[in-house]
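So the sequence shown is numbered by this note's numbering: it starts at 39 and just counts up by one. Ideal Cβ positions, reconstructed from N, Cα and C, are used throughout, including at glycine. What follows is a single structure, written as structure tokens, with notes after it.
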Amino acid sequence: MKSFILLISFFICVNFTDSQAQQWKIYNSGNTGMPIDIIVPFELERDSNCTIAWIPTNGLIRFNFQRNQFVRFDSNANYPLASPYSMVVNGQDKWICHSKGLTKFDNFTWTTYTPQNSGIASNAVLDITFDSEGAAWIACVPGLSKFYNGNWKTYNTGNSPLINNRLETISSFGNEIWIGTFSSGLARIIKTPTDTLWKIYTSSNSPLTYNWTDDILIKYPIVYIGLSGGGLNKFNLIDSSWRAYFNPGFLQGLAIDTNGNIWFGSPGGGLYKFTKDTTLVNFNPSNSPMPSYSANCVKVDVHQNVWVGTNNGLVIYNENGIVGIDDNNTIINIPEDFKLYQNYPNPFNS
């Protein structure tokens, strides 16, 4: 089913009054000492009722926004300088997908998996998800790697129903794994007690509007599919129905809040809020404090603050006022050669 939506360019007074400052906060190299401004992936974590943001660089940046702590974790060169594509926090482990392998940081030790030291399919790792059993499913170029209990298995066009080895994104829910490809649609894996079932969805055999998938978000019973050139598609896991929304064309960084609003970014259009399948609100530098037209990654925290990684820093937005973030912007800047691990004593905990 094709659906049409109302696009609203949401104009906001850009001068930062007290109320405006509570709605928008922007962190960049100029006001934090952060070594980068281009935030492509990042991940959020809860720690003692505080929101922690992890940002991969040549190592990891850890922001504790409630305490205004900014700490850089040096990888001791075990995590090579590479282009980070995505990041996932799973328990205490931070997993970074990048162009030179898959790196795990467990708060003490850095481990990088490559084809030279493991069974991973490639150095080019784009995304990772964890299923209900704790197995890691890794989207690589080329192929899909599974890592569980120390064992590796790779699926590709030669040994599975995959029709493209270049994988872009991956997401899981319950016993299902959804994989988005570069130009060949979606692969869906359904695990049963006795078998593993595969389904392939393309624009030729399904209502999928475009074959290049940039992001997948699963909020049962809906699978949200962000397409690079095909807008937003929705698949219902209960009745297998589809809905398609075509504006804007390029989507990345899907997130959902507790009210069911879908938030996503665009490489050239800024931040979008999609409400009740009908209304699309756009935030960009011409109508809001958004510092960039490139919204690379979007997350929503437990306070319903919307976090956006842009080409000009990290943005936090909440239309009702930002919650759980200290208004004092004095972020501690740790020198680049400073190494801090969780087996301190840590002076910041005192």
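{"Query": "Quick check: the stretch 245 to 255 against the stretch 228 to 237, are there 3 or more CB pairs under 8 Å?", "Result": "no"}
{"Query": "Hey, could you find the ends of the beta strand (DSSP E) T296 is sitting in?", "Result": "Element bounds for T296: n/a, residue is neither H nor E."}
{"Query": "Which class does T147 belong to by DSSP, given the choice of helix, strand or coil?", "Result": "coil"}
{"Query": "If A282 sits next to P245, beta carbons under 8 Å apart, how far is it from one beta carbon to the other, in whole angstroms?", "Result": "6 Å"}
{"Query": "With C-beta atoms as the reference, is G306 less than 8 Å away from V346?", "Result": "no"}
{"Query": "Pair every Cβ in the stretch 181 to 193 with every Cβ in the stretch 121 to 135, then say whether three or more of these pairs are closer than 8 Å.", "Result": "no"}
{"Query": "Within 10 angstroms of the Cβ of L235, are there 16 or more other Cβ atoms? Answer buried if so, exposed if not.", "Result": "exposed"}
{"Query": "What's the C-alpha gap between I354 and G298?", "Result": "19 Å"}
{"Query": "By how many angstroms is the C-alpha of S332 removed from the C-alpha of T316?", "Result": "23 Å"}
{"Query": "Please name the residue, chosen from I158, L318, W92 and N161, that lies closest to L352 on a Cα-to-Cα basis.", "Result": "W92"}
{"Query": "Could you check where the alpha helix (DSSP H) with G68 kicks off and where it finishes?", "Result": "S67 to T70"}
{"Query": "Label S222 either buried or exposed according to how many other C-beta atoms from any shown protein chain fall within 10 Å of its C-beta, with 16 as the threshold for buried.", "Result": "buried"}
{"Query": "Count the other CB atoms within 10 Å of the CB of Q290; is the residue buried (16 or more) or exposed (fewer)?", "Result": "buried"}
{"Query": "Report yes if the CB atom of S330 is closer than 8 Å to the CB atom of N350, and no otherwise.", "Result": "yes"}
{"Query": "Tell me the rounded alpha-carbon separation between D339 and P73.", "Result": "24 Å"}
{"Query": "Buried or exposed: Y310, going by 16 or more other Cβ atoms within 10 Å of its Cβ?", "Result": "buried"}
{"Query": "Could you give the C-beta distance for F143 and L82, rounded to a whole number, given that I count them as a contact under 8 Å?", "Result": "Not really, about 16 Å apart at Cβ, beyond 8 Å."}
{"Query": "Contact defined as beta carbons within less than 8 Å: I believe S241 pairs with Y248. What is the distance between those atoms, to the nearest angstrom?", "Result": "6 Å"}
{"Query": "Could you work out which residue in S121, V261, E171 and A173 is closest to L164 when comparing CA atoms only?", "Result": "S121"}
{"Query": "Residues in its own chain within less than 7 Å of I360 by CB, not counting five upstream and five downstream?", "Result": "Q60, Q61, K63, N343 and I354"}
{"Query": "Using three-state DSSP, classify Q290 as helix, strand or coil.", "Result": "strand"}
{"Query": "So which of I90, I158 and N274 has the shortest CA-CA distance to K28?", "Result": "Lying outside 39 to 388, the shown extent of the chain, residue 28 is not represented and no answer is given."}
{"Query": "At what residues does the beta strand (DSSP E) containing Q107 begin and finish?", "Result": "Q107 to D112"}
{"Query": "Given Y239, which residues of its chain have a CB within under 6 Å of its CB, disregarding the five upstream and five downstream residues?", "Result": "G223, L224 and L246"}
{"Query": "Look at S209 and T167 and say whether their C-beta atoms are less than 8 Å apart.", "Result": "yes"}
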